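> Numbering-wise, this note's numbering puts 159 at position 141 of the sequence shown, and it's gapless, one number per residue. A virtual CB, placed ideally from N, CA and C, is assigned to each residue, including glycine. Values in this document were obtained by computation on a predicted structure and should not be read as measured data.
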Amino acid sequence: MNSDKHILVVDDEPHILQILHFLLTDEGYQVTTVETGEAAVETADSEDFDLVVLDLALPGIDGFSVCRTLRDKGIPILILSSHDEDDYVVSGLELGALDYVRKPFNHRELILRVANLIGRNDGEERPQGIVSEGVSVNLDSEEVLCRGERVRLTPTEYLLLVLLMKQKGAVVTWEEILREVWGTEEWDGYRQMIKVNIQRLRTKVEQDPHNPRIIVNQWGRGYRFALPVTIS
19 MNSDKHILVV
29 DDEPHILQIL
39 HFLLTDEGYQ
49 VTTVETGEAA
59 VETADSEDFD
69 LVVLDLALPG
79 IDGFSVCRTL
89 RDKGIPILIL
99 SSHDEDDYVV
109 SGLELGALDY
119 VRKPFNHREL
129 ILRVANLIGR
139 NDGEERPQGI
149 VSEGVSVNLD
159 SEEVLCRGER
169 VRLTPTEYLL
179 LVLLMKQKGA
189 VVTWEEILRE
199 VWGTEEWDGY
209 RQMIKVNIQR
219 LRTKVEQDPH
229 NPRIIVNQWG
239 RGYRFALPVT
249 IS
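#1: Give the secondary structure of glycine 81 by DSSP, where H, G and I count as helix, E and B as strand, and everything else as coil.
#2: Assign glycine 201 to one of two classes, buried (16 or more other C-beta atoms within 10 Å of its C-beta) or exposed (fewer than that).
#3: Is it the case that the Cβ atoms of glycine 147 and serine 21 are separated by a distance below 7 Å?
#4: Identify, in the order they occur along the chain, each residue of the same chain with its Cβ nearer than 8 Å to the Cβ of glycine 137, setting aside the five sequence neighbours on each side.
#5: State the CB to CB distance for the pair glutamate 53 and aspartate 80, rounded to an integer number of angstroms; the pair is presumed to be in contact (CB under 8 Å).
#6: For the putative contact between leucine 98 and cysteine 85, defined by C-beta atoms under 8 Å, what is the C-beta separation to the nearest angstrom?
#7: When we look at the beta-carbon of phenylalanine 40 and count the other beta-carbons within 10 Å, is it buried (16 or more) or exposed?
#8: According to DSSP, is glutamate 151 helix, strand or coil?
#9: Taking glutamate 167 as the reference, which of Ile95, Gly78, Gln225 and Glu198 has the closest Cα?
#10: Quick one: give me the first and last residue of the beta strand (DSSP E) that serine 99 is part of.
#11: Quick one: give me the first and last residue of the alpha helix (DSSP H) that threonine 174 is part of.
#12: Any heavy atom of the ligand FMN closer than 6 Å to the Cβ of threonine 221?
#13: If we call anything under 7 Å between Cβ atoms a contact, is valine 223 one with valine 153?
#14: Looking at the structure shown, is valine 132 part of a helix, part of a strand, or coil, going by DSSP?
#15: Using the rule of at least 16 other Cβ atoms within 10 Å of the residue's Cβ for burial, across every protein chain shown, is aspartate 68 buried or exposed?
#16: Helix, strand or coil, according to DSSP, for aspartate 73 in the structure here?
#17: In three-state terms, what does DSSP make of aspartate 117?
#18: Please classify glycine 240: is it buried, with 16 or more other beta-carbons within 10 angstroms of its beta-carbon, or exposed?
#19: Which ranges does the alpha helix (DSSP H) cover as unbroken runs of at least 4 residues, wholly within the stretch 207-249, from first to last along the chain?
#20: Could you pull out every residue in the same chain whose Cβ sits closer than 6 Å to the Cβ of glutamate 142, ignoring the five residues on either side in sequence?
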């Protein structure tokens, strides 16, 4: 059940708020809607949220400023954007958003992305841990250690790392990453988003992110985890 999951939706278009409120409450989530960046910041200060669905093009305090503020609170953010330019969305991702959906959005795709970000499908039976040279993951607590030090990953970075490690050196294709991490098979704009998240992950697990030896490119195909892995 999702009744304990609370989502804040921020958009200045009332009909979008109505659609999102209907879709998300129909999935069992608690939903709060606001129309401005100022209201989003105030509401996030007074209540706890598991996810924020945020339109970037807001009056007053824009979505980028809201994204920066909410990132510091550690709240996962899903961007909504009607802009086609990749750089516009990537700017939001670089400020701390974890994923994005372009308007007009497919209803099922949005629900899958929301579920992915707030961990709705965590109940599957699974192994307890994945261990490699210098990198270990506790799948119960979702704690990640890198060279003995705990590292803090975003939900998307965590899913990417686990997906790559579970393949034990096999190539994970672009298509597999899209399907398993973002719940979609649509390519539009996602290649750049995958690259941004891989770069972020490398800065946290690689000794030299500019010369990666753990998460390596397979040109034209995808990525692979290059160290031996044990799953227990």
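From the atom records:
#1: Here glycine 81 sits in helix by DSSP.
#2: Flag for glycine 201 reads buried.
#3: Against a cut-off of 7 Å, the Cβ pair of serine 21 and glycine 147 comes out as no contact.
#4: So the list reads Pro173, once near-sequence residues are dropped.
#5: A Cβ-Cβ distance of about 13 Å is found for the pair glutamate 53 and aspartate 80, leaving them out of contact under the 8 Å criterion.
#6: Leucine 98 to cysteine 85, Cβ: 12 Å. No contact.
#7: When all chains shown are included, phenylalanine 40 counts as exposed.
#8: In the displayed model, glutamate 151 falls within coil according to three-state DSSP, outside both helix and strand.
#9: Of the candidates Ile95, Gly78, Gln225 and Glu198, the one whose C-alpha sits nearest the C-alpha of glutamate 167 is Gln225.
#10: Counted as a single uninterrupted DSSP element, the beta strand (DSSP E) harbouring serine 99 occupies residues 95-99.
#11: Looking at the DSSP string, the run of the alpha helix (DSSP H) that includes threonine 174 is 173-184.
#12: In terms of ligand content, the structure shown is empty, and the ligand FMN therefore cannot be addressed.
#13: Yes, they are a contact pair.
#14: In the structure shown, valine 132 falls within a helical segment according to DSSP collapsed to helix, strand and coil.
#15: Classification of aspartate 68: buried, given that the 10 Å Cβ count is 16 or more.
#16: Residue state for aspartate 73 is assigned as strand, using DSSP reduced to three classes.
#17: Here aspartate 117 carries a strand assignment [DSSP, helix/strand/coil].
#18: Counting C-beta atoms within 10 angstroms of its own C-beta, glycine 240 has 16 or more neighbours from the protein chains shown and is therefore classed as buried.
#19: Fully enclosed alpha helix (DSSP H) runs of 4 or longer: 208-223.
#20: Here the model assigns glutamate 142 a pLDDT of 44, short of 50, so the residue's position is not dependable, and the following value carries that caveat. Nothing meets the Cβ criterion.
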